[in-house]
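Quick note: the sequence shown uses full-length UniProt numbering, first residue 1, plus one each step.
We treat Cβ as the ideally placed atom computed from N, Cα and C, and that holds for glycine.
Every value quoted in this text rests on a predicted model; they were computed, and no experiment measured them.
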Amino acid sequence: ARYIQAQHSRAKPNPACAPPVTATAALGCIPQVPAAARYSATIHHSTQPGNRTLGRQPVLKPPFHGKTSTPSSPKISLSSTPHGRPLLQRHRLGSDPQPADVDQSVMDQSIIRISKELSDIQRGSDLAIAVACRDIDVRNVKALVVGPHETPYEFGFFEFAVRFNREYPSKAPNVQCVTTNGGMCRFNPNIYANGKICLSILGTWRGERGEEWSSAQGLESILLSIQSLLSSNPYENEPGFEDANEESDKRMQKDYVQKIRHETLRISVIQRLEGYLGLNADGSKSKDVDGEESDETNVPFEPFKDLCKRRFLWYYESYMTAIEKGKSEVKEQQVFVRMPFEAPTSNTMDGRFNYPELERRLKNIKAALDAEPKQWAGEGLAAMLKESTVCVNLQHQYDQVSASFKRGDMPHDVTLESGNPFVWVITYFGRPMTNLDGGLFRIRMNFSPRFPDEQPRVKFETKIFHHHVAEDGTACYTANPLKREDIKSHIEAIISMLEEDDPAYDPREIVNLEATRMYWSGGPNGKKLYNRRLRRSVQQSMEDFPE
Numbered sequence: 001a002r003y004i005q006a007q008h009s010r011a012k013p014n015p016a017c018a019p020p021v022t023a024t025a026a027l028g029c030i031p032q033v034p035a036a037a038r039y040s041a042t043i044h045h046s047t048q049p050g051n052r053t054l055g056r057q058p059v060l061k062p063p064f065h066g067k068t069s070t071p072s073s074p075k076i077s078l079s080s081t082p083h084g085r086p087l088l089q090r091h092r093l094g095s096d097p098q099p100a101d102v103d104q105s106v107m108d109q110s111i112i113r114i115s116k117e118l119s120d121i122q123r124g125s126d127l128a129i130a131v132a133c134r135d136i137d138v139r140n141v142k143a144l145v146v147g148p149h150e151t152p153y154e155f156g157f158f159e160f161a162v163r164f165n166r167e168y169p170s171k172a173p174n175v176q177c178v179t180t181n182g183g184m185c186r187f188n189p190n191i192y193a194n195g196k197i198c199l200s201i202l203g204t205w206r207g208e209r210g211e212e213w214s215s216a217q218g219l220e221s222i223l224l225s226i227q228s229l230l231s232s233n234p235y236e237n238e239p240g241f242e243d244a245n246e247e248s249d250k251r252m253q254k255d256y257v258q259k260i261r262h263e264t265l266r267i268s269v270i271q272r273l274e275g276y277l278g279l280n281a282d283g284s285k286s287k288d289v290d291g292e293e294s295d296e297t298n299v300p301f302e303p304f305k306d307l308c309k310r311r312f313l314w315y316y317e318s319y320m321t322a323i324e325k326g327k328s329e330v331k332e333q334q335v336f337v338r339m340p341f342e343a344p345t346s347n348t349m350d351g352r353f354n355y356p357e358l359e360r361r362l363k364n365i366k367a368a369l370d371a372e373p374k375q376w377a378g379e380g381l382a383a384m385l386k387e388s389t390v391c392v393n394l395q396h397q398y399d400q401v402s403a404s405f406k407r408g409d410m411p412h413d414v415t416l417e418s419g420n421p422f423v424w425v426i427t428y429f430g431r432p433m434t435n436l437d438g439g440l441f442r443i444r445m446n447f448s449p450r451f452p453d454e455q456p457r458v459k460f461e462t463k464i465f466h467h468h469v470a471e472d473g474t475a476c477y478t479a480n481p482l483k484r485e486d487i488k489s490h491i492e493a494i495i496s497m498l499e500e501d502d503p504a505y506d507p508r509e510i511v512n513l514e515a516t517r518m519y520w521s522g523g524p525n526g527k528k529l530y531n532r533r534l535r536r537s538v539q540q541s542m543e544d545f546p547e
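Structure representation (structure tokens):
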């Protein structure tokens, strides 16, 4: 517009041809040029070689003509300027960010933060917490907390649903407990039957200064705070009951622990595993949960299924020990004692003790899990005929591991049982100058057709007395989380677990109760006795090794 005005001021029209002066022109205003024409003229001028606009200049926008009068947009090709780029686009890219752009940037930073936290937890060494989410929805996260050792929640599987808002980490996420028996069981004074979790860090409970949420905290700190609620005496978690030490309170504390232990086994362990295995309470099969013909789009998101199965095999002896203890403390069909802080209608933990029933169901689960590797072997033979991707992968890794053993300094060996790449048999020779010197152990690794989503089941077929080998031979080892699909890393982790000279105590890896007590709770004499028992089993391995 200014250009047109300047052009008019410089023009020297023929007076004879000059139009009559109008009121508008007399006031010194710009002649009325149609708006679309002014916009087109400006574009034409700015794109001429001698009239290029450089730097940050105001950008003229086409006038609004309404829905019924939309002018044709000016066409600017890449050849419009010697630099080969449209000038108007250059101005728009260099303009200040709009509010929508700022909101999008905040959302992107939030998602990056959540993704990093999930990755850190999944790669971490904490065996008591696990997290997972669908690839398409990182804001909806499932979390699993394993109940701490020597508490009524011991080795229970407690699941939580975490919903991250768009303001995270400025605002705390929403966290709900899922393990509530359909909203009928309150597992803790701070974990309600409806799933609500009372924690100052979540903003669901009043807290002192410094206990409230801050952006420096994250998902891991939330899960660790929840885990701290699962204490050995949860009765004192109720506000006003922290210092309750009357005789009546002590009886209540004992009653509360007893019913939590029972429901932890019944709901968080037994019901969960029966659901995974498709078992009814009477032990009968309800469905084929691993059927290949099922529609994958209808399969529920159960990221902790394989983890809980393997951990059940780790903790089976602890579960049975808890049942024996419960039998000695309460009578069958004895009614749960209601706590003073439990609501009489909904927010409570009601029921009856029935440990013999729980024992029977635990044994059914154990039998079903022990049968799975045999089922995998059969499915593996069928996969061999189809030359499935998993089958080819396992065969290829077997060739690599076998060649690696032959090049190594120890005469370890690996074979395929009946040529089935889903069943590996490892022969381990005890390392010289250690307690394993002279030992000869046979280790079986069974692989699922869904490997690595389902991790291998590893069992010692040769008897060994070791704190990381369960009574039934189940091996307790942790493979590199970054190499879950690498079988060699699994074997290296198993050997490292066996040969560790000075193992650190980790209550999350207690799989052999007698060996653990002997090594860590028996003092110097206990360690000597443990080493003696281990050496005896090593010597016996030569005699028991199958021909």
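N188 - partner residues in DSSP beta bridges
I191
message: Could you check whether the Cβ of E159 sits closer than 8 Å to any heavy atom belonging to the ligand NAD?
response: As far as ligands go, the structure on display features none, and thus does not contain the ligand NAD.
| Can you tell which of C391, K309, E514 and G351 has its C-alpha closest to the C-alpha of V458? | K309
Residues near V330 by beta carbon distance below 7 Å, same chain, minus five either side:
Q258 and F353
Practice problem: Compare the beta carbon distance of F405 and W424 with 9 Å and say whether it is the shorter of the two. | Solution: No. Outside cutoff.
Q) In whole angstroms, what is the alpha-carbon distance linking P356 and Q333? A) 10 Å
| said: At the level of alpha carbons, what is the spacing between C185 and L273? | reply: 18 Å
First through last residue of the beta strand (DSSP E) which encompasses K459
R457 to F460 is the span of the beta strand (DSSP E), which, as asked, contains K459.
With DSSP run on the structure shown, which of helix, strand or coil describes Q217? coil
Among all the DSSP beta bridges, which residues are the ones paired with D413? DSSP, once it has assigned bridges, lists T427 as partnering D413.
For this session: Would you decide whether A26 is buried or exposed? Buried here means 16 or more other CB atoms lie within 10 Å of its CB.
Result: Unreliable positioning characterises A26 in this predicted model, as indicated by a pLDDT of 37, which lies under 50. A coordinate reading is not provided.
Open item on the list: Please tell me whether K142 and A161 are closer than 9 Å, where the distance is taken between their beta carbons.
Closed with: yes
Checklist entry - Counting Cβ pairs, one atom from each stretch, are 3 or more of them under 8 Å apart for the stretch 253–268 and the stretch 233–243? => result yes
Query raised in the report: In chain order, what residues of the same chain lie with their CB nearer than 7 Å to the CB of Q217, ignoring the 5 residues before and after it?
Result: I201
Own chain, CB closer than 6 Å to Q176, minus 5 neighbours either side, in chain order: Excluding the 5 residues flanking it on each side, Q176 has same chain C-beta neighbours closer than 6 Å at A161 and G195, in chain order.
Margin query: DSSP has D137 in a bridge; who is on the other side?
Written below: R134
Quiz item: Can you tell me the Cα-Cα spacing of L513 and Y398, whole angstroms?
Solution: 34 Å
Closer than 6 Å by C-beta to H149: which residues in its own chain qualify, once you throw out the five before and the five after it? Chain order, please.
P507
In angstroms with no decimal places, state the Cα-to-Cα distance between R444 and I426.
6 Å
Quiz item: Nearest-angstrom Cα distance between Y319 and K366?
Solution: 11 Å
I believe S110 touches Y168 by the beta-carbon criterion, under 8 Å. Please report the beta-carbon distance rounded to the nearest angstrom. Taking 8 Å as the upper bound for CB-CB distance, S110 and Y168 are in contact here, some 5 Å apart.
Answer yes or no: do Y428 and L381 have a C-beta to C-beta separation smaller than 9 Å?
no
What would DSSP say about C308, mapped onto helix, strand or coil? Helix, per DSSP.
Backbone CA spacing between N165 and N174 [nearest angstrom]
C-alpha separation (whole angstroms): 8 Å.
Selection from T151, E492, M339 and I267 that minimises the alpha carbon distance to R228 = Just to set this straight, residue 228 is Ser in the shown sequence, not Arg. Of the candidates T151, E492, M339 and I267, the one whose C-alpha sits nearest the C-alpha of S228 is T151.
In angstroms with no decimal places, state the Cα-to-Cα distance between T474 and N393. 25 Å
Same chain, Cβ closer than 6 Å to I121, neighbours up to 5 away in sequence not counted: Close CB contacts of I121 within its chain, under the 6 Å cut and outside five residues either way in sequence, are with V131 and E220 (chain order).
Looking at the secondary structure, which residues open and close the alpha helix (DSSP H) in which A161 lies? Unbroken run through A161 is the beta strand (DSSP E), F157 to R163; no alpha helix (DSSP H).
Quiz item: Can you list, in chain order, the residues of its chain whose CB lies under 7 Å from that of D472, leaving out five sequence neighbours each side?
Solution: So the list is empty, once near-sequence residues are dropped.
- What do you get for E342, buried or exposed, if any count of 16 or more other CB atoms within 10 angstroms of its CB means buried? E342 sits buried, since 16 or more C-beta atoms from the chains shown fall within 10 Å of its C-beta.
* **Beta-carbon separation (whole angstroms), K488 vs Q400, contact threshold 8 Å** => 7 Å
- Query: Between the beta-carbon of T478 and the beta-carbon of S119, is there less than 9 Å?
  - Reply: no
Discussion item. Please report the distance separating the alpha-carbon of D137 from that of S215.
Written reply: 21 Å
Taking DSSP's pairing of strands, which residues face H539 in a bridge? The sequence shown places Gln at residue 539, rather than the His named in the question. As DSSP reads the structure, Q539 sits in no beta bridge.
### Query
DSSP state of G84, grouped into three classes?
Because the pLDDT of G84 is 38, which lies under 50, any placement of that residue in the model is unreliable, and the number read from its coordinates should be weighed accordingly. In the structure shown, G84 adopts coil according to DSSP, grouped into three states.
Quiz item: Can you give the beta carbon distance from L358 to I270, rounded, assuming they're within the 8 Å contact cut?
Solution: 6 Å
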